[in-house]
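These protein sequences, in sequence, are chains A and B.
Those letters in the first sequence? Residues 3 to 243, by our numbering.
Those letters in the second sequence? Residues 3 to 243, by our numbering.
All C-beta atoms, glycine included, are put in the ideal place defined by N, C-alpha and C.
There are 2 protein chains.
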Amino acid sequence: MSLKNPMLAHHISSQFNEDLQEVNTKFMSLGGLLEQQVADAIHALLDANITLALEVQEKENIVNRFETEIDESLTIILARRHPAAIDLRMVIAMSKANTDLERIGDESNKIASIAKELCEADGSTRGFMEARHIGNQVRVMLHEALDAFARLDAEQALRVLRADADTDREYQSATRTLMTYMIEDPRKISQVIQVLWVLRSLERIGDHARNIAEQVIYIVKGFDVRHTSIDEVEQKIHRID
Amino acid sequence: MSLKNPMLAHHISSQFNEDLQEVNTKFMSLGGLLEQQVADAIHALLDANITLALEVQEKENIVNRFETEIDESLTIILARRHPAAIDLRMVIAMSKANTDLERIGDESNKIASIAKELCEADGSTRGFMEARHIGNQVRVMLHEALDAFARLDAEQALRVLRADADTDREYQSATRTLMTYMIEDPRKISQVIQVLWVLRSLERIGDHARNIAEQVIYIVKGFDVRHTSIDEVEQKIHRID
C-alpha cells in the first residue's frame, strides 16, 4: 500500500500539500498498526499465546497517541489552511475514520484481554472455529478499506460495504451456533460467552471498516452514503461516473 | 435545557453566528430525541410494550436524517466561515458528538428489537432488574452530557466521566449475575443472552455519553482528554481555571 497519496499532489500551496501528506501518512501508519493489532489479538486467542495478548494491550497507548496527534494535525490544517472541496472532505473524512481506527484498537484490546483470561482458564476451544472464520473476514475488510482510502478507490470501498453485509450474516449464524454449545454443555457457559464477546468485537471491527469505506466514497464522490442501501450506493456511484 | 447557546453570541459576523446557532439547535434537538429513544427502548423491554418498540425502530430514520443534516451544516460552516479558536473546536466537537448520538440511536434500536423478540417469546424476566438499574444510570449520563454541552459546563462534563466509571463497574457485576442465572437454569440461556445484549448496548450508550462529555471539555478548555485518567482530567481542568 502506497503511503503517498497521488490525489493530494495538486495543491498550489506547497505547505498545505505537505501538511495534508503528513497527516495522511500518519493515518495510513495507524491503519497498518491496527491491521497488526487485530491479527495479533485473534492469534493470541486461537494459539493461546499470552505474550502476544500482552503485546496487543501494551500497544494500545501507541494507538491512542496516534489518534490524538492526527486530530491535532487536522485541527491545525482547518485553522490555518481553510481547505475547500475535496481537501475539506478529506480532512473531515480522516477525522471520522480516525475515531473508527481508535475504536478498532479498543476492540482488539478487548479480544486480547479475553485471550489472556481463556489462556489462564485452560479450557475448551468451542467457538474458536467461528472466531477464526469471522476474524479472517474482518481482517480482509479492514485491509481493503484502508487500501481504498490510500488509493481513493470508491469501487473498492463499495466491495467493503458488501463484505460487511456478509459478515453480519455470518455473525448471526455463529452466535446461534454458540448458543447451542451452551445449551449442550452448561458447564462451559462462561467460557463460550467469552467467545461470544470476541465475535461481537470482530463484528464491530467489521462495522468500523465499513464506516471507513463510507468515508472513502464521501471523499471521492462527495455524497454521504451512511444510511443508504448498498444497491442505492452502487447506483449513485455509477450515475455520477 | 436552553437551546440557545449563550457562548455562541459573541460573533461579529451575524451570518456566522446564525449558522452556528442553527446547527447547535439541531444538535440539541437530536440529543433530546435520543434521550427519548433510549427511555422508550428501555420501557418497551421492561413493560413488554411492542408498540413502543416499533415506534423506536420507526424513529431511527429521523435520527439518521438529523445526523446527515448536522454534518452537512458543519461542512458548510467550515467551507464558508473558516471558524477559529473556540468556534472551530465547537464545530469539530459537534461533528464527533454527532456520530456518538447516532450510535446511541443504533443501540436504542438494538434494544427495541430485542424487546420485540422477548415480547413474542413471552418468557422470563430474569436480568430485567439489572437492565432497569443500568438503564436509569445511562439515561442520567446522557441527559447530563447534553446539558453540559448546552451550557458548555466542564465541571458537569467531568461528573459524566466519573459516572461512566461507576456504570462500567455495575455492568461488570450485572453480567456476572446474569451468567449465574444461565448456569442455574440452562433452559433460559437464549433469553438471558438477549438481556445480556441489552446490558451491553446500555453500557455502550454510557460510553457515548462519556465521549460527548469529553468533547465538552475539549470545547471549553481546549485540550483533548480522551485517553486521560479522570484524576488527571480533574487536575488539568482546575489548573487552568
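Outcome for residue i when other beta-carbon atoms lying within 10 angstroms are tallied against a minimum of 16
i	result
M96 of chain A	buried
G224 of chain B	exposed
T101 of chain A	buried
Q217 of chain A	buried
D49 of chain B	exposed
S16 of chain B	exposed
R241 of chain B	exposed
M30 of chain A	buried
I44 of chain A	buried
S203 of chain B	buried
E132 of chain B	buried
R228 of chain A	buried
R171 of chain B	exposed
I78 of chain A	exposed
R83 of chain A	buried
S4 of chain B	Note on S4 of chain B: pLDDT 43, under 50, position unreliable in the model; no value is reported.
Pair within 8 angstroms by beta-carbon distance, residue i and residue j
i	j	result
M92 of chain A	I221 of chain A	yes
T169 of chain B	I136 of chain B	yes
L103 of chain B	E69 of chain B	yes
I106 of chain A	L154 of chain A	no
A87 of chain B	V162 of chain B	no
Q158 of chain A	D149 of chain A	yes
V142 of chain B	S110 of chain B	no
Y173 of chain A	E122 of chain A	no
I94 of chain A	L47 of chain A	no
F151 of chain B	A81 of chain B	no
G129 of chain A	V194 of chain A	yes
I239 of chain A	I219 of chain A	yes
P188 of chain B	P85 of chain A	no
Residue from the options with nearest C-alpha to residue i
i	options	result
T230 of chain A	B:R67, B:A55, B:S16	B:R67
I113 of chain B	B:D21, B:V218, B:L201	B:L201
D21 of chain B	B:G34, B:D89, B:L154	B:D89
T127 of chain A	A:A55, A:K61, A:E234, A:M184	A:M184
T53 of chain A	A:D42, A:E62, A:S192	A:D42
Q237 of chain B	B:L47, B:V197, B:L36, B:L160	B:L160
A156 of chain A	A:L47, A:Q39, A:I214, A:A55	A:I214
D226 of chain A	B:V197, B:S75, B:F130	B:S75
E119 of chain A	A:L36, A:Q38, A:Q196, A:I191	A:Q196
R178 of chain B	B:N51, B:L198, B:P188, B:G33	B:L198
T27 of chain A	A:N63, A:N138, A:E71, A:R83	A:E71
A176 of chain A	A:P188, A:R134, A:I79	A:R134
R164 of chain A	A:L180, A:D187, A:V140, A:E186	A:V140
D209 of chain A	B:L56, B:I64, B:D108	B:D108
V65 of chain A	A:P85, A:A55, A:G34, A:F18	A:G34
E38 of chain A	A:N138, A:P188, A:L180	First, the amino acid is wrong: residue 38 of chain A is Gln here, not Glu. Minimum Cα distance to Q38 of chain A is reached at A:N138.
L36 of chain A	A:E24, A:K61, A:A55	A:K61
D25 of chain A	A:N51, A:D73, A:V40, A:I191	The sequence given here has Val at residue 25 of chain A, not Asp. The residue with the shortest Cα to Cα distance from V25 of chain A is A:D73.
Helix, strand or coil at residue i [DSSP, three-state]
i	result
L5 of chain A	Note that L5 of chain A scores a pLDDT of 46, beneath 50, so its modelled location is shaky; the value from the coordinates is reported in the next line. Reduced to three states, the DSSP call for L5 of chain A is coil.
V235 of chain A	helix
T230 of chain A	coil
H84 of chain B	coil
D155 of chain B	coil
R206 of chain A	helix
D168 of chain B	helix
G129 of chain B	coil
D187 of chain B	coil
G224 of chain B	coil
Whole runs of the alpha helix (DSSP H) within the region 8-51 of chain A, excluding any shorter than 4 residues: 16-48
Ordered list of alpha helix (DSSP H) runs contained in the region 50-123 of chain B, each at least 4 residues: 52-60, 62-83, 87-123
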